[in-house]
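Only one structure is covered here, and it is reproduced in the block below.
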Amino acid sequence: MKNLTLLLALAALPLSILAADITGTWKSEFESQIGHQLYTFTFKQDGSKLTGKANSEAGDRKREAELKEGKVDGETISFVEMLSIQDREIRINYMGKLSADANEIRFTREVGDFGKAEIVARREPTAPATGVPTAKTIRIKAGKSEPVKDAEGNVWLADQGFEGGQTIERPDIQIANTKSPDLYRSEHYSMDSFSWPVPNGKYTVKLHFAETFEGITGPGQRVFSFNVQGKEFKDFDVWVKAGGPLKAYVETVPVEVTDGKIKVTFTPKVENPQICAIEIISQSSGVASAAAPSAATANAPAAAANATPAPILPSGPTVLKIDAGKVVGKVSSTLYGLMTEEINFAYEGGLYGELIRNRSFKADAAVPRVSPDTYEAGKYLPVSFRPDTKPRYWTVVGGASMVLDTNAPLNEFLNVSLKIETSSANSAARAGVANSGYWGIPVKPKTTYSLSFFAKADAGFTGPVTVSIESADDKTTFASAEISGLTTAWKKFQAKLRTKDVPPSRENVLKVTTRAPGTLWLQNVSLFPPTYKNRENGNRADIMELLAAMKPRFLRFPGGNYLEGNAFNQRFNWKETIGPLERRPGHPSPWGYWSTDGFGLLEFAEWCEDLNMEPLLGVFAGYCLGQGGVIAAGPQLDPYVQEALEEIEYLMGDARTTRWGAQRARDGHPKPFKMTYVEIGNEDWFDRSGPDRNGTYDGRFGQFFDAIRKKYPQLKAISSCGYEQPLSLWVKSRTPDLVDEHYYRNMEEMMAQAFKYDSYSRTNASKIFCGEWATRVGSPTPNMSAALGDSAWMTCMERNSDIVLLSCYAPLFVNVSQLTGNGRSMQWSSDLIGYDALRSYGSPAYYAQRMFSTMHGDEILATDSLNISARTWQRQGRRGGAAPAPEQLKEVFFVATREARSGVIYLKVVNTAGSMKPINIQINGAPKLKEKAEAVVLAGKALDDTNSIDKPENVIPHTETVTGISSSFSRDFPPYSITILKLKTK
Ligand code: AHR
Numbered sequence: 002m003k004n005l006t007l008l009l010a011l012a013a014l015p016l017s018i019l020a021a022d023i024t025g026t027w028k029s030e031f032e033s034q035i036g037h038q039l040y041t042f043t044f045k046q047d048g049s050k051l052t053g054k055a056n057s058e059a060g061d062r063k064r065e066a067e068l069k070e071g072k073v074d075g076e077t078i079s080f081v082e083m084l085s086i087q088d089r090e091i092r093i094n095y096m097g098k099l100s101a102d103a104n105e106i107r108f109t110r111e112v113g114d115f116g117k118a119e120i121v122a123r124r125e126p127t128a129p130a131t132g133v134p135t136a137k138t139i140r141i142k143a144g145k146s147e148p149v150k151d152a153e154g155n156v157w158l159a160d161q162g163f164e165g166g167q168t169i170e171r172p173d174i175q176i177a178n179t180k181s182p183d184l185y186r187s188e189h190y191s192m193d194s195f196s197w198p199v200p201n202g203k204y205t206v207k208l209h210f211a212e213t214f215e216g217i218t219g220p221g222q223r224v225f226s227f228n229v230q231g232k233e234f235k236d237f238d239v240w241v242k243a244g245g246p247l248k249a250y251v252e253t254v255p256v257e258v259t260d261g262k263i264k265v266t267f268t269p270k271v272e273n274p275q276i277c278a279i280e281i282i283s284q285s286s287g288v289a290s291a292a293a294p295s296a297a298t299a300n301a302p303a304a305a306a307n308a309t310p311a312p313i314l315p316s317g318p319t320v321l322k323i324d325a326g327k328v329v330g331k332v333s334s335t336l337y338g339l340m341t342e343e344i345n346f347a348y349e350g351g352l353y354g355e356l357i358r359n360r361s362f363k364a365d366a367a368v369p370r371v372s373p374d375t376y377e378a379g380k381y382l383p384v385s386f387r388p389d390t391k392p393r394y395w396t397v398v399g400g401a402s403m404v405l406d407t408n409a410p411l412n413e414f415l416n417v418s419l420k421i422e423t424s425s426a427n428s429a430a431r432a433g434v435a436n437s438g439y440w441g442i443p444v445k446p447k448t449t450y451s452l453s454f455f456a457k458a459d460a461g462f463t464g465p466v467t468v469s470i471e472s473a474d475d476k477t478t479f480a481s482a483e484i485s486g487l488t489t490a491w492k493k494f495q496a497k498l499r500t501k502d503v504p505p506s507r508e509n510v511l512k513v514t515t516r517a518p519g520t521l522w523l524q525n526v527s528l529f530p531p532t533y534k535n536r537e538n539g540n541r542a543d544i545m546e547l548l549a550a551m552k553p554r555f556l557r558f559p560g561g562n563y564l565e566g567n568a569f570n571q572r573f574n575w576k577e578t579i580g581p582l583e584r585r586p587g588h589p590s591p592w593g594y595w596s597t598d599g600f601g602l603l604e605f606a607e608w609c610e611d612l613n614m615e616p617l618l619g620v621f622a623g624y625c626l627g628q629g630g631v632i633a634a635g636p637q638l639d640p641y642v643q644e645a646l647e648e649i650e651y652l653m654g655d656a657r658t659t660r661w662g663a664q665r666a667r668d669g670h671p672k673p674f675k676m677t678y679v680e681i682g683n684e685d686w687f688d689r690s691g692p693d694r695n696g697t698y699d700g701r702f703g704q705f706f707d708a709i710r711k712k713y714p715q716l717k718a719i720s721s722c723g724y725e726q727p728l729s730l731w732v733k734s735r736t737p738d739l740v741d742e743h744y745y746r747n748m749e750e751m752m753a754q755a756f757k758y759d760s761y762s763r764t765n766a767s768k769i770f771c772g773e774w775a776t777r778v779g780s781p782t783p784n785m786s787a788a789l790g791d792s793a794w795m796t797c798m799e800r801n802s803d804i805v806l807l808s809c810y811a812p813l814f815v816n817v818s819q820l821t822g823n824g825r826s827m828q829w830s831s832d833l834i835g836y837d838a839l840r841s842y843g844s845p846a847y848y849a850q851r852m853f854s855t856m857h858g859d860e861i862l863a864t865d866s867l868n869i870s871a872r873t874w875q876r877q878g879r880r881g882g883a884a885p886a887p888e889q890l891k892e893v894f895f896v897a898t899r900e901a902r903s904g905v906i907y908l909k910v911v912n913t914a915g916s917m918k919p920i921n922i923q924i925n926g927a928p929k930l931k932e933k934a935e936a937v938v939l940a941g942k943a944l945d946d947t948n949s950i951d952k953p954e955n956v957i958p959h960t961e962t963v964t965g966i967s968s969s970f971s972r973d974f975p976p977y978s979i980t981i982l983k984l985k986t987k
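According to my numbering, the residues represented by the sequence shown are 2 to 987, in order.
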């Protein structure tokens with residue numbers, strides 16, 4: 002009785018008396034309209050009064066604000082942060098609830114009327130005066146975006162803690178001298194340093210190295226120094242230390258830490274420094290010091306390294322609720338599109354049907370350096386060639402000799418030709434040249450190939466010339482034709498080569514040979530297989546079919562970096578990409594290889610036409626990559642604005658009444674293309690010119706925007722700087738119709754941002770275009786983990802497609818023939834579709850995207866959920882800094898849409914967990930549901946399950962019939978799965 006009285010008395014006390022004091026430091030990280038934000042709140046509580054500061058970081062922008070109107074009322078906390086933006090004062094209101102353990106506050110954060118988001122602030126533990134717990138062993142796997150297990154079962158954390166450099170994976174190599182070769186199948190290279198927060202004390206640091214780069218072929222070719230906590234390793238040569246390539250070598254360094262971190266610095270001497278893995282093993286119990294990181298930050302990574310964090314189990318059954326009576330928005334009909342550029346041999350060596358590599362012999366061109374101030378926009382700048390150059394990808398046959406000749410050009414654009422001497426040739430011995438295509442010339446049975454070239458010969462040459470498709474080992478001729486009539490003047494020759502019923506193969510070459518002695522010159526040597534819809538100069542059919550199955554609604558082209566180029570004479574200069582192929586000069590692409598521009602502006606638009614997509618044109622906006630330069634707004638930019646207007650006219654203009662529409666008709670396409678969107682530039686947030694490093698894009702955008710609006714008021718203009726970038730770089734002088742946001746992330750990062758757009762403003766005039774995004778896990782093509790990350794992200798975009806009007810994954814293509822080494826076929830890993838000369842395949846991410854884009858309704862339905870399980874995730878520290886507090890990641894993602902016409906409800910459920918999830922689905926407000934439904938399911942056995950060129954259909958979707966559907970039904974969603982339920986109403 003006494004106890005009960007006491008309890009009642011306690012219950013009657015105001016909560017504020019019972020609540021914990023929140024004085025101290027609190028941190029919060031979240032995604033917002035201006036990108037990733039890191040907040041540090043310093044609270045001082047005095048009774049119910051709260052004062053303090055909010056320090057925030059978003060990109061390179063830092064702010065500090067005094068807290069206003071701060072109150073603590075029991076477990077309810079509220080305050081205001083003032084934000085000045087463009088001479089306006091905006092209130093950021095925080096209203097939060099303190100958790101039972103008093104270590105977490107869940108705030109609703111309202112930024113004026115721009116948007117509302119739920120964020121979590123966590124209390125930073127204060128460093129204890131003594132007895133900082135011993136750090137466990139920290140293991141970091143350089144170059145991997147996911148944790149890796151070694152042979153002993155130890156978990157190595159994904160790549161983190163490095164300052165600078167890049168990563169690369171070499172998944173298929175063999176490594177000697179280790180039981181855990183996976184530790185050496187990726188690396189971080191070219192970094193400046195590595196650091197990791199640890200309590201002070203004694204440690205053993207183990208640095209794991211192996212020389213795995215094909216470009217290093219002996220000792221002395223990669224030499225660098227590194228320093229571990231003051232211990233210098235000078236002129237370190239992995240090759241020498243390990244006794245050769247592909248051998249593991251471990252350097253063990255005992256160190257003492259007195260400043261709260263282990264630091265390793267790297268200095269290049271010959272080639273870049275590299276490292277495969279780092280292990281930090283504590284040898285002592287550590288001594289606390291003021292500089293030591295908090296126990297939480299020091300221990301968080303260690304905990305992650307040694308144990309999988311326990312999942313947060315739901316307190317009841319998981320329920321997904323759909324309110325079919327409440328349509329919260331319209332699904333954008335253009336939500337799913339494609340993005341493309343010349344990267345990873347996407348067109349030449351990919352989609353573009355051409356089989357001959359370096360057909361115009363310009364791959365060895367020396368390109369003049371230009372500065373944007375002196376470069377003339379409309380003028381063609383010829384390239385030159387070093388004397389005695391043998392062209393790349395061409396070899397001699399028999400006793401012939403060959404050289405690049407600038408004295409006998411076909412024209413000013415193809416200002417070089419291949420000169421071939423065949424003086425050794427006679428009736429018994431042929432001589433000539435051969436080309437091995439893009440990692441082989443594909444031969445298919447009963448197939449007709451179209452050959453053409455320009456040629457001339459010296460006066461004494463009698464011919465004929467034989468063209469043949471042969472196996473590279475010289476054993477088989479699949480098809481051949483004779484060409485005669487070469488004269489001393491350039492002439493175009495054509496032939497058809499037809500194969501018999503032979504097995505498909507790709508280790509083949511095209512040969513151009515003769516048995517007549519003499520000299521001949523070749524230019525634009527071309528070989529095409531049958532193309533999609535039999536277009537002349539068209540596309541590879543198998544890849545087009547993979548794309549057609551996605552039913553994409555638009556194509557963003559021509560890039561990407563490919564739009565901008567490394568210099569003004571290396572950008573996508575559209576006027577040099579149209580008209581007869583032999584009058585297209587070509588240009589070097591920023592991804593390291595020559596582009597003939599056979600795949601030019603009209604070919605992009607015809608690609609759209611073939612797949613029923615709308616062109617989404619990116620116009621060059623006066624900014625080139627890196628040192629390429631920029632032209633700020635003003636009269637000097639006018640020629641480029643004019644160029645963009647003419648480019649739009651080429652695509653949309655009437656063939657009879659406009660100059661460039663008429664040119665398009667002359668080029669073979671009288672009908673204008675329908676177009677709605679134009680993007681001005683690409684990723685112009687890279688432009689950090691100017692004293693404040695805020696670049697010139699706002700002004701440039703304005704100049705293009707005004708001109709385009711004036712001539713084409715119906716076009717919607719996209720800013721290439723999205724809200725994920727620092728506010729200082731956004732376009733503010735005009736209101737872009739859309740802004741383009743780019744996200745390259747790992748699986749967990751995608752899951753963490755899968756609610757991002759739920760809090761974006763609904764009233765903002767600028768809508769969202771996710772113009773490049775991908776979960777970059779898996780190489781060369783993404784694996785199941787990536788497909789799950791992508792799908793979590795797609796549920797977010799689809800649920801918010803009232804404001805996310807367009808989205809496209811990037812990059813789309815990769816030629817998988819040569820993944821490493823000089824002249825490799827891949828410049829960027831994790832690409833949606835892979836292929837070699839003969840075969841192509843879709844990654845699990847491809848199938849996930851195909852499911853999303855082909856199965857959705859046009860109305861977004863209101864949804865809610867109960868008890869979705871979550872797991873703990875440790876986000877990497879930024880730029881090698883300390884890791885932030887661990888976050889809870891939901892494991893199940895979903896979205897529901899309905900097709901108004903048929904009443905079919907599409908429910909997409911993504912289970913990212915490795916266990917089956919039983920889920921109850923409740924649908925209110927729908928007419929009666931049919932008892933049977935269809936489920937399309939893509940599931941993997943493991944996160945790294947994937948498809949490849951040899952196993953193209955390892956992970957593909959299957960369809961099943963589901964029974965027992967009603968307004969409340971349950972279904973078990975398999976581990977690592979993406980399910981689309983098509984629920985029919987009666
Ligand atoms: O998709 C690869 C590259 O990523 C694009 O060229 C560029 O826009 C982005 O940085």
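Each residue gets a CB set at the ideal place from its N, CA and C atoms; glycine is no exception. Treat the numbers as computed from the prediction; the structure is a model and nothing was measured.
From residue i to residue j, what distance separates their C-alpha atoms?
i           : j           : result
residue 970 : residue 116 : 35 angstroms
residue 633 : residue 108 : 42 angstroms
residue 773 : residue 471 : 41 angstroms
residue 719 : residue 898 : 27 angstroms
residue 650 : residue 656 : 10 angstroms
residue 1   : residue 540 : The first residue shown for the chain is 2 and the last is 987, placing residue 1 beyond what the model contains.
residue 289 : residue 741 : Because residue 289 sits at a pLDDT of 23, beneath the cut-off of 50, its placement in the model cannot be relied upon, and the following sentence gives the value as read from the coordinates. In a straight line, the C-alpha of residue 289 is about 47 angstroms away from that of residue 741.
residue 553 : residue 613 : 8 angstroms
residue 814 : residue 323 : 37 angstroms
residue 491 : residue 500 : 29 angstroms
residue 102 : residue 22  : 12 angstroms
residue 152 : residue 514 : 55 angstroms
CB-CB under 6 angstroms to residue i, same chain, minus the five flanking residues each way: which ones, in chain order?
i           : result
residue 241 : 220
residue 598 : 578, 585 and 587
residue 304 : Its pLDDT being 27, under 50, residue 304 is placed unreliably by the model, and nothing is read from it.
For residue i, count neighbouring C-beta atoms within 10 Å of its own C-beta (all shown protein chains included) and say buried if the count is 16 or more, exposed if not.
i           : result
residue 912 : buried
residue 551 : buried
residue 30  : buried
residue 333 : buried
For my contact list, residue i and residue j are in at a C-beta cut-off of 8 angstroms; report their separation, rounded to the angstrom.
i           : j           : result
residue 396 : residue 435 : 5 angstroms
residue 78  : residue 120 : With a Cβ gap of about 13 angstroms, residue 78 and residue 120 do not count as contacting.
residue 204 : residue 251 : Not confirmed; about 15 angstroms, so no contact.
Going by beta carbon distance, what residues of the same chain come within less than 7 angstroms of residue i, once the five residues before and after it are set aside?
i           : result
residue 653 : 673, 674 and 676
Please go through the same chain and pick out, in chain order, the residues whose beta-carbon is closer than 8 angstroms to the beta-carbon of residue i, but skip the five residues on each side of it.
i           : result
residue 764 : 114
residue 734 : 699, 700, 702 and 703
Can you name the start and end residues of the alpha helix (DSSP H) that residue i belongs to?
i           : result
residue 475 : Neither: residue 475 is in no alpha helix (DSSP H) and is coded neither H nor E.
residue 706 : 698–712
residue 501 : Run containing residue 501: none; DSSP gives neither H nor E here.
Tell me where the beta strand (DSSP E) around residue i begins and ends.
i           : result
residue 606 : That residue, residue 606, is in no beta strand (DSSP E); its alpha helix (DSSP H) goes 602–612.
residue 283 : 278–283
Should residue i be listed as close to the ligand HEM, given that the test is whether its C-beta is under 8 angstroms from any heavy atom?
i           : result
residue 953 : You won't find the ligand HEM in this model; what it holds is the ligand AHR.
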